[in-house]
Amino acid sequence: MVERRTPIPVGEAVKRVMDFSIQGQTEFISITKSFGRYLSEDITATNDVPHFDRAPYDGFAVRAIDTKAASQTNPVEFEVVDHIGAGLITTKSVEAFQAVRIMTGAQMPSECDAVVMLELAKVYEKDGKSFMSIKRPFNPGDNVSFRGEDAKDGDVLIRKGTKINPGIQAILATFGYAKVPVARKPIVGFFATGTELLDVEDPLEPGKIRNSNSHMIAAQIERAGAEVHYFGKLPDEFETCYEAVKQALDKVDMLITTGGVSVGDFDYLPAIYEKIKAEVLFNKVAMRPGSVTTVAQFNGKLLFGLSGNPSACYVGFELYTRPIIRKMLFTEKPHLRKEKAILEEDFLKANPFTRFVRSDLTYKEGKLAVSPSGLDKSNIVMSLAGANSFIILPGGTRGFEAGTEVDVLLLEDFTGNEWPW
Ligand SMILES: Nc1nc2c(c(=O)[nH]1)N[C@H]1C(S)=C(S)[C@@H](COP(=O)(O)OP(=O)(O)OC[C@H]3O[C@@H](n4cnc5c(N)ncnc54)[C@H](O)[C@@H]3O)O[C@H]1N2
Ligand code: MOO
Ligand SMILES: [Mg+2]
């Protein structure tokens with residue numbers, strides 16, 4: 001008698017995975033290697049930025065009070081007592097009707113509170129001394145970039161769990177983070193199972209297919225922010241698969257297999273979980289594709305038995321494996337980000353189970369529009385290339401017409417979503 005499995009709702013399956021106790025770890029890496037990694041601690045300003053008042057223009061630093069009487073008919077003259085560029089500070093004390101020629105980025109002389117742009121000053125020499133004159137008054141603070149205007153010492157600037165982008169790299173450098181606290185990348189191992197599988201470089205043979213899941217999953221692991229550890233492909237042989245899975249578990253933080261997880265005669269994953277005494281969290285989910293997705297735990301490690309069918313495998317990873325990886329990367333929003341979009345074409349199939357349709361989400365005149373990126377069957381590979389999202393069609397619904405607003409999950413987003421969607 002074939003085993004009967006009871007499907008559980010997607011939300012329950014997600015919860016069982018996310019309740020699994022697994023923590024991220026911090027490592028410190030050079031800032032030069034930190035782009036694209038995830039912060040494991042909040043980043044706080046360690047000083048004011050800028051940490052001194054400075055000139056935002058090339059010009060003359062003056063005391064605003066000395067400029068009050070300046071007008072078109074009454075130029076006011078200043079003696080230029082020093083000349084500084086960025087990185088230098090003046091040693092002069094600026095007295096009434098004196099100015100320092102100052103370049104963008106240089107620290108303001110302490111007595112000065114305004115900068116006259118070069119274009120507004122008339123420059124000349126008299127008796128071997130430098131002078132400039134202006135024909136308009138300035139207020140205190142005019143053309144000054146103030147200490148702390150960009151950030152104040154102690155400000156929390158970036159939350160842990162954020163993916164480091166080029167702007168964050170600039171912030172890390174600004175505050176002297178030569179070593180950056182980032183989440184250690186979880187090591188995600190995986191096997192592709194199936195006697196039918198050929199390697200990419202192999203010529204086709206009758207009954208055999210090239211192993212596409214490995215390359216797809218490797219990229220999904222990387223996109224999720226984890227480290228890929230590919231153990232290779234396995235034939236559908238119980239002992240071989242059992243030994244391989246058992247030994248691989250020591251080398252990884254979690255282990256994925258693709259294929260061999262359904263009720264077929266050569267689907268050995270269920271028996272392997274039993275033999276290693278793994279606790280199965282679920283083995284049937286009310287979703288399409290990916291209903292056979294199985295998750296088990298053994299010795300503090302999760303085992304993801306993803307379907308062999310490419311589309312089902314892809315969806316299973318995004319819904320269950322990616323969020324737990326993201327949790328280990330310290331984010332508070334580990335799930336795929338959900339948005340609403342207008343369905344661009346009819347999708348008239350009924351949905352006994354919740355359906356995750358691989359789809360192409362675009363902007364149309366300021367709104368989000370979405371359409372399936374190919375055939376909606378779990379064995380289909382081609383629809384995956386154009387998929388940047390999943391349309392969620394709830395279980396128990398009949399069909400959806402073009403123009404309907406639907407929920408979509410974003411695959412290329414790195415901010416994420418809290419649970420529930
Ligand atoms: N009697 C039943 N049969 C099936 C059921 C069921 O409930 N009762 N479920 C179906 C569903 S739904 C799915 S999904 C598949 C899941 O099968 P498995 O996860 O056991 O995967 P396999 O049987 O090993 O392979 C399925 C399919 O995928 C191809 N495959 C496998 N690995 C790869 C790979 N690395 N690259 C590309 N393609 C791969 C494989 O050749 C098969 O065609 O079971 C249904 N059957
Ligand atoms: O698990 Mo299967 O992918 O539902 O088609
Ligand atoms: Mg099978």
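Under the UniProt record's numbering, the first residue of the sequence shown is numbered 1, with each subsequent residue one higher. Idealized CB from N, CA, C, for every residue including glycine.
Only counting runs of 4 or more residues, tell me where the alpha helix (DSSP H) segments fall wholly within the segment 342 to 416, in order along the chain. 382 to 385
Residue burial classification, E126 (beta-carbon count within 10 angstroms, cutoff 16): Within the sequence shown, numbered from 1, the residue matching residue 126 stands at position 126. First, the residue type needs correcting, since residue 126 is Lys and not Glu in the sequence shown. Under this definition K126 is an exposed residue.
Per-residue DSSP class, three states only, for I168: Counted from its first residue, the sequence shown places residue 168 at position 168. Residue state, collapsed to three classes: helix.
Got a sec: does ligand 2 put a non-hydrogen atom nearer than 7 Å to the Cβ of S291? Taking the sequence shown and counting its residues from 1, the one referred to as residue 291 is at position 291. Answer for S291: yes, Cβ within range of ligand 2.
Given this structure, state the Cα-to-Cα distance separating E227 from Q23, to the nearest angstrom. Here the question's residue 227 lines up with position 227 in the sequence shown. Here the question's residue 23 lines up with position 23 in the sequence shown. Approximately 16 Å between the Cα atoms of the pair.
Specify, as a first and last residue, the run of the alpha helix (DSSP H) that A274 falls within. On the sequence shown, position 274 is the one that residue 274 refers to. Rather than Ala, the amino acid found at residue 274 in this sequence is Glu. Here the alpha helix (DSSP H) through E274 covers 269 to 275.
If you count every other CB in all the chains shown that lies within 10 Å of the CB of residue 425, and 16 or more means buried, which is it? Since the first residue of the chain shown is 1 and the last is 421, residue 425 is not available in this structure.
Hey, would you say the C-beta of A387 is under 7 Å away from at least one heavy atom of ligand 2? Taking the first residue of the sequence shown as position 1, residue 387 is located at position 387. It does not: the Cβ of A387 is nowhere closer than 7 Å to a heavy atom of ligand 2.
Just to confirm my understanding: we take G11, look at its own chain, exclude 5 residues before and 5 after, and list those with CB closer than 7 Å. What are they? As a position in the sequence shown, residue 11 is number 11, starting the count at 1. Closer than 7 Å at the Cβ level, and outside the excluded window around G11, lie P420.
Just checking N213 against ligand 1 - is the residue's beta carbon closer than 7 Å to any of the ligand's heavy atoms? Translated into the one-based positions of the sequence shown, residue 213 becomes position 213. Checking every heavy atom of ligand 1 against the Cβ of N213, one is found closer than 7 Å.
Any non-hydrogen atom of ligand 3 closer than 7 Å to G189 Cβ: Counted from its first residue, the sequence shown places residue 189 at position 189. No - ligand 3 has no heavy atom lying nearer than 7 Å to the Cβ of G189.
Counting along the chain, where does the beta strand (DSSP E) carrying N196 start and finish? Translated into the one-based positions of the sequence shown, residue 196 becomes position 196. A small fix is needed here, since residue 196 is Glu in this sequence, not Asn. Element bounds for E196: n/a, residue is neither H nor E.
Hey, is E196 close to ligand 1, as in C-beta under 7 Å from one of its heavy atoms? Working through the sequence shown from its first residue, we reach residue 196 at position 196. Indeed, a heavy atom of ligand 1 lies less than 7 Å from the Cβ.
Can you give me the C-alpha to C-alpha distance between D265 and A173, rounded to a whole angstrom? To locate residue 265, count along the sequence shown from 1; it is residue 265. To locate residue 173, count along the sequence shown from 1; it is residue 173. Near 58 Å, if we compare the C-alpha coordinates of A173 and D265.
Touching by the beta-carbon criterion (3+ pairs, under 8 Å), the segment 205 to 219 and the segment 254 to 272: yes
Out of T331, G399, A106, state which residue places its alpha-carbon closest to the alpha-carbon of E345. If you number the sequence shown from 1, residue 345 lands on position 345. E345 has its Cα closest to that of G399, out of T331, G399, A106.
Quick check on DSSP: helix, strand or coil for L249? Taking the first residue of the sequence shown as 1, we reach residue 249 at position 249. Looking at L249 - three-state DSSP - the assignment turns out to be helix.
Beta carbon of F390, beta carbon of F356: below 8 Å? Residue mapping note: residue 390 aligns to position 390 of the sequence shown, counting from 1. Residue mapping note: residue 356 aligns to position 356 of the sequence shown, counting from 1. Yes; because the gap between Cβ atoms is below 8 Å, this pair is in contact.
Measure the Cβ-Cβ separation of K152 and D48 and say whether it is below 8 Å. Position 152 of the sequence shown, counting from 1, holds the residue named residue 152. Position 48 of the sequence shown, counting from 1, holds the residue named residue 48. In contact: K152 and D48 (Cβ atoms closer than 8 Å).
In whole angstroms, what separates the C-alpha of N299 from that of E279? In the sequence shown, residue 299 corresponds to position 299, counting from 1. In the sequence shown, residue 279 corresponds to position 279, counting from 1. So the alpha carbons of these two residues sit roughly 9 Å apart.
Alpha carbon of E274 to alpha carbon of I158, nearest angstrom: As a first step, residue 274 is located in the sequence shown; it is residue number 274 there, counting from the start. As a first step, residue 158 is located in the sequence shown; it is residue number 158 there, counting from the start. Rounded to whole angstroms, E274 to I158 spans 44 Å at the Cα level.
Report the three-state DSSP secondary structure of M117 (helix, strand or coil). For this step, residue 117 is matched to residue 117 along the sequence shown. Strand at M117.
If I follow the unbroken beta strand (DSSP E) through A151, where does it start and stop? Your numbering for residue 151 matches position 151 in the sequence shown. No beta strand (DSSP E) contains A151, which DSSP labels as neither H nor E.
Which residues end up in the neighbourhood of ligand 5 when you take C-beta atoms closer than 5 Å to any of its heavy atoms? Ligands displayed in this structure: ligand 1, ligand 2 and ligand 3; ligand 5 is not among them.
Within 10 angstroms of its Cβ, does A296 collect 16 or more other Cβ (buried), or is it exposed? Position 296 of the sequence shown, counting from 1, holds the residue named residue 296. So A296 counts as buried.
Is R398 a contact residue of ligand 2, with contact defined as CB to any heavy atom under 7 Å? On the sequence shown, position 398 is the one that residue 398 refers to. For ligand 2, not one heavy atom lies less than 7 Å from the Cβ of R398.
Select from F317, D113, V156, K122 the residue whose C-alpha is nearest the C-alpha of A96. For the purposes of this step, residue 96 is identified with residue 96 of the sequence shown, where counting begins at 1. It is D113 whose Cα lies nearest to the Cα of A96.
Residues of its chain near G179, where Cβ-Cβ distance is below 6 Å and the 5 sequence neighbours each way are ignored: The sequence position of residue 179 within the sequence shown is 179, counting from 1. Going by the sequence as given, residue 179 is Lys instead of Gly. Within the same chain, K179 has close Cβ partners F28.
Limits of the beta strand (DSSP E) - the one that K301 falls within: Taking the first residue of the sequence shown as 1, we reach residue 301 at position 301. Where K301 is concerned, the enclosing beta strand (DSSP E) stretches over 301 to 306.
Taking a contact to mean a Cβ-Cβ separation below 8 Å, would you say D253 touches K338 in this structure? Counting from 1 along the sequence shown, the entry for residue 253 is found at position 253. Counting from 1 along the sequence shown, the entry for residue 338 is found at position 338. Taking 8 Å as the Cβ cut-off, D253 and K338 do not qualify as a contacting pair.
Does the beta carbon of G308 fall short of 7 Å from some heavy atom of ligand 1? Taking the first residue of the sequence shown as 1, we reach residue 308 at position 308. Yes; taking the cut-off as 7 Å, the Cβ of G308 has a heavy atom of ligand 1 nearer than that.
Residues near D376 by beta carbon distance below 6 Å, same chain, minus five either side: Stepping through the sequence shown from its first residue, residue 376 is reached at position 376. Contacts found: V357.
Going by the DSSP bridge assignment, what does T257 pair with across the sheet? Taking the first residue of the sequence shown as position 1, residue 257 is located at position 257. Paired residue(s): F191, G305.
Can you give me the C-alpha to C-alpha distance between M382 and G374, rounded to a whole angstrom? Position 382 of the sequence shown, counting from 1, holds the residue named residue 382. Position 374 of the sequence shown, counting from 1, holds the residue named residue 374. About 7 Å.
Following the continuous beta strand (DSSP E) through V49, name the residue where it begins and the one where it ends. Taking the sequence shown and counting its residues from 1, one reaches residue 49 at position 49. Here V49 belongs to no beta strand (DSSP E), and DSSP marks it neither H nor E.
Looking at the unbroken alpha helix (DSSP H) that takes in H215, where does it start and where does it end? To locate residue 215, count along the sequence shown from 1; it is residue 215. 213 to 224 is the extent of the alpha helix (DSSP H) around H215.
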